[in-house]
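Asker: Chains as they are written, first to last, in the UniProt record's numbering: chain D, 1 to 322; chain R, 1 to 269. Every residue, glycine too, gets a C-beta built ideally from N, C-alpha and C. Input: one structure, supplied below.
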Amino acid sequence: MIHTDKLAKTFTVKKETVDAVKGVDIDVAPGELVAFLGPNGAGKSTTLRMLTTLLTPTSGTARVAGVDVTADPAGVRARIGYIGQGNGGGHSFRVIDELVMQGRFYGMNSADALARARELLQSLDLADLAKRTVIKLSGGQRRRMDVALGLMHSPRLLFLDEPSTGMDPQNRANLWEHIMRMREEHGTTIVLTTHYMDEADSMSERVIIIDHGRIIADDTAARLKANLAGDLLAVEVAAASAAGVRGLLGRAAAGGEVSENSYDGVVRFRLRLPEGARLAPGLLLEMHDAGAPAQSLELKPPTLDDVFLELTGRNLREGANR
Amino acid sequence: MAAHGTIAGTREKHGLGRVLHDTRYVFWREMLLPLRDPFSLVFSLLQPLVFLGLFGPLLGAAVGAPAFGGQSTLQWFLPGVVVMIALFGTSMTGSNLQYELMTGSYERILATPLSRSSLMIGRALKEWAPLVVQGLLIALVCIPFGFVFHPLHVVAGLVILGIFGIGLGALSYALALVSQNKEWIFWGVQQTLLFPLMILSGIMLPIEAGPGWMQTASLFNPLTYLVNAERELFAGSVGTDTLLGLLAAAVTAAVGLAVGVKAISRNIR
Chain D
1 MIHTDKLAKT FTVKKETVDA VKGVDIDVAP GELVAFLGPN GAGKSTTLRM LTTLLTPTSG
61 TARVAGVDVT ADPAGVRARI GYIGQGNGGG HSFRVIDELV MQGRFYGMNS ADALARAREL
121 LQSLDLADLA KRTVIKLSGG QRRRMDVALG LMHSPRLLFL DEPSTGMDPQ NRANLWEHIM
181 RMREEHGTTI VLTTHYMDEA DSMSERVIII DHGRIIADDT AARLKANLAG DLLAVEVAAA
241 SAAGVRGLLG RAAAGGEVSE NSYDGVVRFR LRLPEGARLA PGLLLEMHDA GAPAQSLELK
301 PPTLDDVFLE LTGRNLREGA NR
Chain R
1 MAAHGTIAGT REKHGLGRVL HDTRYVFWRE MLLPLRDPFS LVFSLLQPLV FLGLFGPLLG
61 AAVGAPAFGG QSTLQWFLPG VVVMIALFGT SMTGSNLQYE LMTGSYERIL ATPLSRSSLM
121 IGRALKEWAP LVVQGLLIAL VCIPFGFVFH PLHVVAGLVI LGIFGIGLGA LSYALALVSQ
181 NKEWIFWGVQ QTLLFPLMIL SGIMLPIEAG PGWMQTASLF NPLTYLVNAE RELFAGSVGT
241 DTLLGLLAAA VTAAVGLAVG VKAISRNIR
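Printed below as a string of structure tokens:
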């Protein structure tokens, strides 16, 4: 569905060149749900905008839905749907009018466009608002209308740029429910960008982590977490017996850092433990045998944030500031 | 979905056919605004009448009939008012775009397969469309006051204004894109250019009454040729002025669209 070869984009801002995307190779098969994850300014939106022909690549090639983005941008646009970061509905227009015209822009006839608009309004809980002007909609309603606009022509490949930024958790869940349902019904291929790691984690089958214009990881969220970041283990032992387990925990961390702090006669060790859930019981026994039984244990599965930290040494939330 | 079939069916057009096809829909979307809110049209109809009613008599009294080449003041001034409405209307094309640039509406439409020229032509024609009604209406209203109405000539005049409007609208569109996030630039440039162009074309007052340098300057103003063409047509004849006006309109349209398409494809951000 998507194939890119060293796709790159360089901007010139006030005589300074910025390499926003530094040659990315992406392959997406039909039916996949892929998230581009990265901090703000990482280049994920720029990549998406090249794939949707809203930006022309500086170098490299991209074929989207079988069509080259540089040779036939209009052909690409006819075959994809795009839901941008902003709200797509014109402020003074009526909801239904915008949907029908969107269908017409894609070459649907007026009867089909009207039927499809009604169907989408129904399934996105907007049916009562069909004749309302866009400016009178709430934020969540506008976002759902954006989804409706993007789905009007039933694209087989749908791009979403930061679909849920600024939405409250309930609206986010609601939005995702709709997107997932469309996907199940039509087998739509979906590519989205997000800087919410939990969104990439729970919704996507495949996560492409982008940082400083490069792809630094590309796999399922589960495998990324298992391979790149262990579970976070915190164990507490009595201060008197702490010395006996330091070496043991150091070996368990397999070269990773073991931090400790002590309070009230207790020492709390924290370390990354690959496959923590499987190894923790054995570790507890070893600690017991070493004369330092654990007084408490906490095991946290890794997040994509941990993966990003492991890959870049930075926190995903810290954004693009080096 | 039924939609898949229709896309393949109608999107295969290329070149001019596609531009015309797409322009229809862009125009139609824009027209939904005044059609859904027809009161806005009522005011736009009143405006030219105010000009004719209040400025026309002063003009006649101040300049005197000889300056109008033997025509009555009304016959001379009415085509100018029509050009003025076209000028004000189509040079506003970009202002309506500014709102859509601020939300994601412009980007959403940019991501559709619509041809780039059609985005500008459709919007420019929406600003021109009310002129057809306005022009015919004021012509009719002026008949009792001695205006001689040549319907076919007037319609031809309106078509030429439409072609000119496409060019000016496209330039206005490009200006809105360039001044994105700095709305004052749009208004500054639009207002700064509009009035000198208007005065130097002889819309309001005969340029022949001005000093030589103004007359020379007016020769480089495409609007001058347009106004002359409209005056000739509204007087019921077709001649050199009409042809020159048509040429000026066509050149404006070609330049405007070229600049506009470039502005759209220039990758900002």
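Out of curiosity, what's the CA-to-CA distance linking Ala148/D and Ile80/D?
Answerer: Their backbone Cα atoms lie some 14 Å apart in a straight line.
Asker: Excluding the five sequence neighbours on either side, which residues of its own chain have a C-beta within less than 6 Å of the C-beta of Leu284/D, listed in chain order?
Answerer: Same-chain partners within the cutoff: Ala294.
Asker: Thinking just about the alpha-carbon of each residue, which of Val132/R, Gly104/R, Leu87/R, Leu226/R is nearest to the one in Leu243/R?
Answerer: Of the candidates Val132/R, Gly104/R, Leu87/R, Leu226/R, the one whose C-alpha sits nearest the C-alpha of Leu243/R is Leu226/R.
Asker: With a threshold of 8 Å between beta-carbons, can Asp231/D be considered close to chain R, or not?
Answerer: Not an interface residue.
Asker: Specify the secondary structure class of Ala217/D as computed by DSSP and reduced to three states.
Answerer: DSSP places Ala217/D in strand when its eight states are reduced to three.
Asker: Beta-carbon within less than 8 Å of Asp25/D's beta-carbon, same chain only, minus the 5 sequence neighbours each way: which residues are those?
Answerer: Result list for Asp25/D: Thr4, Asp5, Lys6, Leu7, Ile215, in chain order.
Asker: Give the interface partners of Tyr25/R over in chain D, defined as CB-CB distance under 8 Å, in chain order.
Answerer: Result: Met101, Arg104, Phe105.
Asker: To the nearest angstrom, how far is it from the Cα of Thr216/R to the Cα of Gly150/D?
Answerer: Those two C-alpha atoms are separated by around 54 Å.
Asker: What are the residues of the stretch 28 to 42 of chain D that lie near chain R, defined by any Cβ-Cβ distance shorter than 7 Å?
Answerer: Per Cβ criterion, the list is empty.
Asker: Are the C-beta of Asn261/D and some C-beta of chain R separated by less than 8 Å?
Answerer: For Asn261/D, the answer is no, since every Cβ of chain R falls outside 8 Å of its Cβ.
Asker: Measure the C-alpha to C-alpha separation of Arg118/D and Leu129/D and round it to an integer number of angstroms.
Answerer: Approximately 11 Å, taken between the alpha carbons.
Asker: Spell out whether any CB of chain D is found under 8 Å from the CB atom of Thr242/R.
Answerer: Output row for Thr242/R: interface = no.
Asker: Relative to the C-alpha of Pro73/D, which candidate in Arg108/R, Leu101/R, Leu114/R, Ser72/R has its C-alpha closest?
Answerer: Out of Arg108/R, Leu101/R, Leu114/R, Ser72/R, Leu114/R has the C-alpha closest to the C-alpha of Pro73/D.
Asker: Do Val235/D and Leu279/D have their beta-carbon atoms positioned less than 8 Å apart in this structure?
Answerer: Not in contact: Leu279/D and Val235/D (Cβ atoms no closer than 8 Å).
Asker: From Gly162/R to Leu20/R, what does the alpha carbon distance come to, in whole angstroms?
Answerer: One C-alpha to the other measures close to 15 Å.
Asker: Find the residues of chain R that neighbour Thr52/D, judging by a C-beta separation of less than 8 Å, and give them in chain order.
Answerer: The contacting residues are Ala111.
Asker: Counting contacts by CB-CB distance shorter than 8 Å, is Glu183/R in contact with chain D?
Answerer: Taking Cβ atoms only, chain D never reaches closer than 8 Å to Glu183/R, which makes this a no.
Asker: Suppose contacts are defined by Cβ-Cβ distances below 8 Å. Is Val100/D in contact with Leu114/D by that definition?
Answerer: Cβ atoms of Val100/D and Leu114/D: closer than 8 Å.
Asker: Given that a residue counts as buried once 16 or more other Cβ atoms are within 10 Å of its Cβ, and exposed if not, what is Pro57/R?
Answerer: Under this definition Pro57/R is an exposed residue.
Asker: Sort Pro301/D, Leu299/D, Glu32/D by Cα distance to Arg156/D and report the nearest one.
Answerer: Nearest option by C-alpha distance: Glu32/D.
Asker: Output yes if chain R places a C-beta closer than 8 Å to the C-beta of Ser110/D; else output no.
Answerer: Cβ-Cβ to chain R under 8 Å: no for Ser110/D.
Asker: What does the alpha-carbon distance come out to for the pair His4/R and Trp76/R?
Answerer: Summary for His4/R: the model assigns pLDDT 43, below 50, so the residue's position carries little reliability; its value from the coordinates is reported in the next sentence. Distance between the alpha carbons of His4/R and Trp76/R: 56 Å.
Asker: For Ser105/R, which residues from the same chain have a beta carbon less than 7 Å from its beta carbon, with the 5 sequence-adjacent residues on both sides left out?
Answerer: For Ser105/R, where only same-chain residues beyond five positions count, there are no Cβ hits under 7 Å.
Asker: So Leu311/D and Leu232/D are supposed to be a Cβ contact under 8 Å. How far apart are they, rounded?
Answerer: Wrong, their Cβ atoms sit about 16 Å apart, outside the cutoff.
Asker: Locate the alpha helix (DSSP H) running through Ser262/D, then write down its first and last residues.
Answerer: It is not in any alpha helix (DSSP H) - Ser262/D instead sits in the beta strand (DSSP E) that spans 258 to 263.
Asker: Can you look up Ala252/D in the DSSP assignment and give me helix, strand or coil?
Answerer: Helix.
Asker: Anything in chain R within Cβ reach of Leu149/D, meaning under 7 Å, just list it in chain order.
Answerer: The answer, in chain order, is Arg108.
Asker: Please report the straight-line C-alpha distance between Leu177/R and Ser204/D, rounded to a whole angstrom.
Answerer: Cα to Cα, Leu177/R sits roughly 36 Å from Ser204/D.
Asker: Looking at Thr46/D and Lys9/D, is the spacing between their C-beta atoms short of 8 Å?
Answerer: Yes. Within cutoff.
Asker: Can you list the alpha helix (DSSP H) stretches of 4 or more residues lying completely in the stretch 94 to 147 of chain R, in chain order?
Answerer: Fully enclosed alpha helix (DSSP H) runs of 4 or longer: 105 to 110, 116 to 142.
Asker: Rounded to a whole number of angstroms, what is the C-alpha to C-alpha distance between Arg116/R and Val261/R?
Answerer: Taking the straight line joining both Cα atoms gives about 6 Å.
Asker: Excluding five sequence neighbours on each side, which residues of the same chain lie with their C-beta closer than 8 Å to the C-beta of Met214/R?
Answerer: Taken in chain order, the residues that qualify are Leu200, Ile207.
Asker: Under a Cβ-count criterion, where at least 16 other Cβ atoms within 10 Å of its own Cβ denotes burial, should Ser266/R be classed as buried or exposed?
Answerer: Here the sequence assigns Arg to residue 266/R, which means Ser is not the residue at that position. Arg266/R comes out exposed.
Asker: Across the stretch 145 to 152 of chain R and the stretch 84 to 104 of chain R, are there enough close Cβ pairs to call them in contact, namely three or more that are closer than 8 Å?
Answerer: Verdict: no, contact absent.
Asker: Which residues in the same chain as Val307/D place their Cβ atom closer than 8 Å to its Cβ, once the five residues preceding and following it in sequence are excluded?
Answerer: Ile209, Ala217, Leu224, Lys225, Leu228, Ala229.
Asker: Hey, quick one: how far does the alpha helix (DSSP H) through Thr90/R stretch, first residue to last?
Answerer: It spans 73 to 90 - the alpha helix (DSSP H) in which Thr90/R sits, taken as one unbroken run.
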